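Novice: The following block contains the structure, expressed as structure tokens.
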Amino acid sequence: MVGEASVKEKNLKLLIGDKVCKIGVCGMGGVGKTTIMKHIHNQLLKERNKFDKVIWATVSEEYAVVKLQQDIATALGEDLLKHNDITMRAAVLQEMLKGKKRYVLILDDVWKEISLEEVGIPEPAVMDGCKLVLTTRSMEVVRSMGCEEIKVEPLSEMEALDLFLSKVGSEPLDIPTLQSTLKQIVEQCGGLPLAIVTLTSSMKGERDAHIWENALNELKARIGSVEDMVDKVLEGLKFSYDRLRNPKIKDCFLCCDLYPEDIVFDKEELIEYWIDEGFIDELESRKAMYNKGHANLKRLEENCLLESADHGKSVKMHDLVRDMALYITSQSPRYLVKAGMQLRELPTEHEWTEDLQKVSLMLNNISKFRLDMTLPKFTALSTLLLQVNSSLEEIDDSVFTLMIELQVLNLSGCESLINLPNSISGLVKLTALLLYGCRNLQHVPSLAKLGALKKLDLGGTGITAIPDGLDMLVHLRYLDLYAYGIKEMPAGILPKLFRLQYLRLDNAVAEAEEVSRLSKLECLGIHFRNLQEYHIYFSLKQQRCLNYYSFNSARLERSSLVGRWEKAVRIVGLTNFGDSIKIPTDIQKLFIDCCDDLRTVSDISSLKDATDWRIFWLYLCKQIECFYYLSSYTTELHTLELEHLFLYELDNLIAILGEEIDGAKSTLPTPMTPGIFSS
């Protein structure tokens with residue numbers, strides 16, 4: 061908040077006062093509007109004395125009424141998905157907001173006038189105690205929406221230098237010859253906090269005067285070569301990108317602009333995409349590649365090209381940094397990005413240029429994918445992202461004959477897609493074919509010629525048979541066949557896929573002996589036919605090499621297999637517990653379903669050696685009387701370090717913990733110590 065305290069105080073005064081109900085915070089990109097409002101948002105959440113609800117929604121340049129309506133509803137803990145009509149959604153949302161009495165609604169990054177009535181936002185009135193705040197780069201938006209204007213100005217020379225030194229450290233000032241250089245560098249940042257923070261992140265720890273002088277010369281050359289202020293800012297941000305040096309880390313960064321503006325990236329899923337693209341070198345294991353991906357993420361965060369979100373679980377990209385990435389990819393490499401723009405048709409033909417390298421049309425409403433066959437072949441096109449076009453019903457068979465160099469094809473979440481074009485069979489350079497969540501997909505053409513394929517994701521599809529040619533994919537590292545219609549993996553296929561690191565079958569029965577021969581396997585989700593097959597696999601001790609396993613796990617969420625490295629077993633409908641079931645010693649999650657003769661989990665003797673066991677689900681076990689009996693309450697409780705315990709429909713349960721002494725069992729008061737039982 062360097063230099064912005066006065067703006068914050070002025071804003072708070074208007075919010076708490078009774079004279080103004082609509083406020084517009086305006087200023088150029090990167091000047092700190094969103095940062096100021098985040099501080100205010102957090103302060104209002106803590107105080108809770110003026111407003112019943114504080115709501116934040118990001119609008120962005122790619123504004124869509126439907127998305128804004130849903131974002132506001134989500135912030136209210138409500139849902140509008142069952143209403144398809146925009147007018148109906150607006151009416152429902154308006155009632156939701158009216159029910160909150162006094163609230164502050166913050167609309168961040170507004171690019172054009174918004175019709176409050178169309179969205180379903182009641183016109184704020186002083187007497188209602190409700191306030192609307194928006195941040196925008198446009199003074200015209202502030203005026204057209206009737207807001208009280210608060211202008212955020214760039215930092216003064218002294219404030220900018222203070223921010224610069226708070227990030228880069230005061231050591232460079234100890235070098236007399238550097239003082240003038242540093243002041244000139246700060247001057248080149250134009251008083252924009254984002255530009256200062258991004259630049260200093262790439263120079264932190266640097267004490268060599270020659271490097272600093274070179275940085276100044278580069279900045280002057282970049283910024284002095286353009287007249288438009290926006291371009292000057294982008295060139296300043298690009299300085300930090302250019303200093304990354306490593307081309308693959310640059311690729312990791314640039315591919316983030318293929319996603320919609322303001323999206324929050326789950327770190328594991330983003331790394332998975334980097335692996336698909338080949339931006340992370342192939343290492344000895346998938347986990348090593350994830351570790352490398354996390355190192356790349358840290359580098360991008362340290363250079364302020366990505367920001368941490370969700371307490372470190374996710375990252376996001378500042379909209380001005382995304383503009384800079386798009387600025388780069390509009391030249392070379394050439395990207396066509398129309399993600400999340402609610403398109404119903406493909407971009408116009410003149411946008412499909414021959415030099416395109418990556419195309420992203422994800423999160424739209426495109427129903428048909430057809431291209432004019434007079435277009436030249438896209439010999440540079442390596443990536444086509446069409447995921448979450450839920451209306452996509454038809455892909456012209458000739459499309460992929462124009463894209464013979466395609467390496468990554470993502471159609472995940474295209475729920476209306478029933479058939480894939482046969483021309484997919486000719487994409488011989490394809491390395492990743494992603495079809496997760498295409499629940500109506502009935503047929504996949506032959507894969508026999510796709511010898512370069514490393515990842516095949518058919519999870520959540522409607523297919524009922526193993527695709528033809530699967531046994532030819534000898535370079536496959538990742539295979540998800542978690543489809544309800546596939547009941548069995550034919551014998552003889554898995555041993556041919558000896559490079560597999562990730563395998564998810566779940567519903568499909570596979571032979572334990574064949575699975576055990578997959579020596580590179582790190583992540584396994586599988587359904588064994590019976591207890592004997594499970595024990596055959598267990599006896600081969602392959603599970604000790606796994607970073608993730610999930611046995612009999614049809615109810616596990618997909619996300620738990622992507623980079624989470626968790627270890628789980630699900631037991632369904634078994635009898636004769638005790639020594640009859642073996643549990644891996646490194647298990648973290650245990651699920652027990654419909655096991656009617658189980659009276660207590662402590663009867664599973666192999667669990668006593670499970671030192672990492674943290675999460676337990678127990679469903680529909682009719683004879684359970686006590687969750688766990690301790691042979692000595694004082695000495696064994698420390699070994700039972702569960703973090704989450706879920707108990708469902710246990711008709712005879714009378715206690716969580718019991719004590720067993722000389723064969724006699726008694727129940728104990730349930731301890732509610734944090735970290736033992738939290739749910």
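Counting with my numbering, you get residues 61 to 739 for the letters of the sequence shown. The C-beta atom is built at its ideal place from N, Cα and C for all residues, glycine as well. On a predicted model such as this, the values are computed, not experimentally measured, just so you know.
Cutting at 7 Å between CB atoms, please list the residues of its own chain near residue 283, excluding the five before and the five after it.
Specialist: Numbered from its first residue, the sequence shown carries residue 283 at position 223. Counting only Cβ-Cβ distances below 7 Å, and skipping sequence neighbours, we find 248, 292, 295 and 296.
Novice: Consult DSSP for residue 467 and reduce its assignment to one of helix, strand or coil.
Specialist: What you label residue 467 is simply residue 407 of the sequence shown in a count that begins at 1. In the structure shown, residue 467 sits in coil (DSSP, three-state: anything other than H, G, I, E or B).
Novice: Any idea which residues DSSP pairs residue 548 with across the strands?
Specialist: Start at 1 with the first residue of the sequence shown, and residue 548 comes out as number 488. The partner list for residue 548 (beta bridge, DSSP) reads 569.
Novice: Per DSSP, what are the beta-bridge partners of residue 705 in this structure?
Specialist: Mapped onto the sequence shown, residue 705 falls at position 645. Paired residue(s): 676.
Novice: Looking only at its chain, what residues have a beta carbon closer than 6 Å to the beta carbon of residue 486, apart from the 5 residues adjacent to it on each side?
Specialist: Locating residue 486 in the sequence shown gives position 426, where the first residue counts as 1. Answer for residue 486: no residue qualifies.
Novice: When burial is assigned at 16 or more other CB atoms within 10 Å of the CB, is residue 231 buried or exposed?
Specialist: Within the sequence shown, numbered from 1, the residue matching residue 231 stands at position 171. When all chains shown are included, residue 231 counts as exposed.
Novice: Are the CB atoms of residue 658 and residue 675 nearer to each other than 8 Å?
Specialist: Within the sequence shown, numbered from 1, the residue matching residue 658 stands at position 598. Within the sequence shown, numbered from 1, the residue matching residue 675 stands at position 615. Result no, Cβ atoms of residue 658 and residue 675 do not sit closer than 8 Å.
Novice: Do residue 597 and residue 575 have their C-beta atoms within less than 8 Å of each other?
Specialist: Locating residue 597 in the sequence shown gives position 537, counting from the first residue. Locating residue 575 in the sequence shown gives position 515, counting from the first residue. Yes; because the gap between Cβ atoms is below 8 Å, this pair is in contact.
Novice: According to DSSP, residue 388 sits in a beta bridge with which residue or residues?
Specialist: What you label residue 388 is simply residue 328 of the sequence shown in a count that begins at 1. According to DSSP, which records beta bridges pairwise, residue 388 is partnered with nothing at all.
Novice: Judging by CA-CA distance, which residue of 341, 524 and 586 is the nearest neighbour of residue 544?
Specialist: Position 484 of the sequence shown, counted from the start, is the residue given in the question as residue 544. Ranking 341, 524 and 586 by Cα distance to residue 544 puts 524 first.
Novice: With H, G and I counted as helix, E and B as strand and the rest as coil, what does DSSP make of residue 357?
Specialist: Along the sequence shown, one-based indexing puts residue 357 at 297. Helix.
Novice: Which class does residue 369 belong to by DSSP, given the choice of helix, strand or coil?
Specialist: For the purposes of this step, residue 369 is taken as the residue at position 309 of the sequence shown. Strand.
Novice: Taking the C-alpha atoms as reference points, what is the distance between residue 618 and residue 542?
Specialist: Mapped onto the sequence shown, residue 618 falls at position 558. Mapped onto the sequence shown, residue 542 falls at position 482. At residue 618 the pLDDT is 43, less than 50, meaning the model places this residue with poor confidence and gives no usable figure here.
Novice: Using a 10 Å radius around the Cβ and a threshold of 16 neighbouring Cβ atoms, would you call residue 217 buried or exposed?
Specialist: Walking along the sequence shown from the start, residue 217 turns up at place 157. Flag for residue 217 reads exposed.
Novice: Beta strand (DSSP E) containing residue 597: first to last residue?
Specialist: Counted from its first residue, the sequence shown places residue 597 at position 537. From DSSP, residue 597 is part of no beta strand (DSSP E) but of the alpha helix (DSSP H) over 591 to 599.
Novice: Can you find the residues in the same chain that come closer than 6 Å, C-beta to C-beta, to residue 352, ignoring five residues on each side of it along the sequence?
Specialist: On the sequence shown, residue 352 is found 292 positions in, with the first residue counted as 1. Excluding positions up to five away in sequence, the list reads 340.
Novice: Which same chain residues, not among the five before or five after residue 192, have their C-beta less than 6 Å away from its C-beta?
Specialist: Start at 1 with the first residue of the sequence shown, and residue 192 comes out as number 132. The answer, listed in chain order, is 82, 165 and 184.
Novice: Measure how close the beta-carbons of residue 85 and residue 97 come, nearest whole angstrom, since I'm counting them as under 8 Å.
Specialist: Along the sequence shown, one-based indexing puts residue 85 at 25. Along the sequence shown, one-based indexing puts residue 97 at 37. Sure, about 6 Å apart at Cβ, within 8 Å.
Novice: With three or more beta-carbon pairs closer than 8 Å as the criterion, would you say the region 398 to 408 touches the region 416 to 427?
Specialist: Judged by Cβ distances under 8 Å, the region 398 to 408 makes contact with the region 416 to 427, as three or more pairs qualify.
Novice: Use the C-beta contact count for residue 313: other C-beta atoms within 10 angstroms, 16 or more gives buried, fewer gives exposed.
Specialist: Locating residue 313 in the sequence shown gives position 253, counting from the first residue. It is buried - the Cβ of residue 313 has at least 16 other Cβ atoms within 10 Å.
Novice: Could you say which of 200, 530 and 357 lies nearest to residue 556 if we only look at CA atoms?
Specialist: Residue mapping note: residue 556 aligns to position 496 of the sequence shown, counting from 1. Selected option, being the one with the closest Cα: 530.
Novice: Could you give the residue range of the beta strand (DSSP E) that holds residue 687?
Specialist: Within the sequence shown, numbered from 1, the residue matching residue 687 stands at position 627. 686 to 690 is the span of the beta strand (DSSP E), which, as asked, contains residue 687.
Novice: Any idea if residue 147 is buried or exposed, counting beta-carbon neighbours within 10 angstroms, 16 or more meaning buried?
Specialist: Counted from its first residue, the sequence shown places residue 147 at position 87. Classification for residue 147: exposed.
Novice: Any chance you could list the alpha helix (DSSP H) runs of at least 4 consecutive residues sitting entirely within the region 67 to 153, in chain order?
Specialist: 93 to 107 and 125 to 135
Novice: Apply the 10 Å Cβ neighbour rule to residue 383 and answer buried if 16 or more other Cβ atoms are within range, or exposed otherwise.
Specialist: Translated into the one-based positions of the sequence shown, residue 383 becomes position 323. Buried, because 16 or more other Cβ atoms sit within 10 Å of the Cβ of residue 383.
Novice: Excluding the 5 residues flanking residue 571 on each side, which residues of the same chain have their C-beta closer than 7 Å to its C-beta?
Specialist: To locate residue 571, count along the sequence shown from 1; it is residue 511. By the criterion of a C-beta distance shorter than 7 Å, residue 571 is surrounded in its chain by 551, once the five residues flanking it on both sides are discounted.
Novice: So what does DSSP say about residue 395, is it helix, strand or coil?
Specialist: Locating residue 395 in the sequence shown gives position 335, where the first residue counts as 1. DSSP places residue 395 in strand when its eight states are reduced to three.
Novice: Going by C-alpha to C-alpha distance, which of 445, 415 and 689 sits closest to residue 437?
Specialist: On the sequence shown, position 377 is the one that residue 437 refers to. The shortest C-alpha separation from residue 437 is found at 415.
Novice: Just verifying my parser: in three-state terms, what is the DSSP assignment at residue 499?
Specialist: Numbered from 1 along the sequence shown, position 439 holds the residue referred to as residue 499. Coil.
Novice: Across which residues does DSSP place residue 479 in a beta bridge pair?
Specialist: Translated into positions along the sequence shown, residue 479 becomes position 419. Residue 479 is bridged to 503.
Novice: Taking one C-beta from the region 187 to 203 and one from the region 213 to 229 each time, how about it: are there three or more such pairs within less than 8 Å?
Specialist: no
Novice: What span of residues does the alpha helix (DSSP H) with residue 242 cover, start to end?
Specialist: For the purposes of this step, residue 242 is identified with residue 182 of the sequence shown, where counting begins at 1. Per DSSP, residue 242 belongs to the alpha helix (DSSP H) from 239 to 248.
Novice: Any contact between the region 253 to 265 and the region 121 to 133? By contact I mean 3 or more CB pairs, one from each, below 8 Å.
Specialist: no
Novice: Can you name the start and end residues of the beta strand (DSSP E) that residue 539 belongs to?
Specialist: Counting from one through the sequence shown, the residue named residue 539 turns up at place 479. Its beta strand (DSSP E) spans residues 538 to 540.
Novice: Does the Cβ of residue 593 have 16 or more other Cβ atoms within 10 Å, making it buried, or fewer, making it exposed?
Specialist: Taking the first residue of the sequence shown as position 1, residue 593 is located at position 533. So residue 593 counts as buried.
Novice: How is residue 429 classed by DSSP in three states: helix, strand or coil?
Specialist: The count along the sequence shown starts at 1 and reaches residue 429 at position 369. Strand.
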